[in-house]
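Asker:
In the numbering used here, the protein residues as written are -5 to 229.
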């Protein structure tokens, strides 16, 4: 069953359409302690039009992510003409062989049509360099992104970095052997408790001084990821 849902967009005057169907893969972010800023894969198992949507309970490395009833959630799904996001909340849980969450019908659908704001779940190796104080030797940290766009990234870091910190960013994009260097600024920080790994720090980084060659390679990589998502139905 396939249903096109047209709801008032939060950023556009015209309704935005999203196609919902059973077994559709989506990305899931829950507003729960210890998991802010992480996108988990999930699947639409079924829906009742204008009432609710049932999705699989998200897991990480085989461990279930606890999502309590009442939690606010944001979902992303890839459509043929771009990415859609919508907000909802958990109504209740369904236990069984395939544990599921029953969600309220979407409250609004937004088309992510600015290239630099479309967040793609992607694991990319990154080195960042920064100074804690003006007279300190630069600190170099290595980490992995949890999502990436042309305008910035969310990065798992070994330590907390204050908001407003300026960075040198080295991106190791899988689609090229070159290392891409640009500027960046920390615009958001937080921590999440991950199963089996303990507390993890993350930073939201806004890119700056991005050359045309870096922008081109970054765009090509993100397009490749989106195409693969569409081919496999995993985002």
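In this text, a Cβ means the ideal position worked out from N, Cα and C, and glycines have one as well.
Would you say the region 205 to 215 touches the region 150 to 169, given that touching needs at least three Cβ pairs under 8 Å?
Answerer: Taking 8 Å as the limit for Cβ pairs, the verdict is that the region 150 to 169 does touch the region 205 to 215.
Asker: Spell out a yes or no on whether the region 153 to 164 and the region 119 to 132 are touching, meaning 3 or more CB-CB pairs, one atom from each, closer than 8 Å.
Answerer: In short, these stretches touch, since the Cβ pair count reaches three.
Asker: What span of residues does the beta strand (DSSP E) with residue 136 cover, start to end?
Answerer: Note, residue 136: beta strand (DSSP E), 133 to 142.
Asker: Leaving aside the five residues before and after residue 20 along the sequence, list all residues of the same chain whose C-beta is less than 8 Å from its C-beta, in chain order.
Answerer: For residue 20, where only same-chain residues beyond five positions count, the Cβ hits under 8 Å are 35, 36, 37, 38, 49, 69, 70, 71 and 229.
Asker: Along the beta strand (DSSP E) that carries residue 42, what are the first and last residues, could you check?
Answerer: It spans 34 to 42 - the beta strand (DSSP E) in which residue 42 sits, taken as one unbroken run.
Asker: Is it buried or exposed, residue 238, if we count other Cβ atoms within 10 angstroms and call 16 or more buried?
Answerer: The question about residue 238 has no answer here: the residues shown for the chain are numbered -5 through 229.
Asker: What whole-angstrom Cβ distance do residue 88 and residue 96 have, given they're in contact under 8 Å?
Answerer: Residue 88 to residue 96, Cβ: 6 Å. Contact.
Asker: From the DSSP output, in three-state form, read off residue 222 for me.
Answerer: Helix at residue 222.
Asker: Suppose the cutoff is 7 Å on Cβ atoms and the five residues either side in sequence are ignored; what does the same chain contact list for residue 209 look like?
Answerer: Closer than 7 Å at the Cβ level, and outside the excluded window around residue 209, lie 144.
Asker: Is residue 65 helix, strand or coil when you go by DSSP?
Answerer: If DSSP states are grouped into helix, strand and coil, residue 65 belongs with coil.
Asker: Classify residue 171: buried if its beta carbon has 16 or more other beta carbons within 10 angstroms, exposed otherwise.
Answerer: Per the 10 Å Cβ criterion, exposed.
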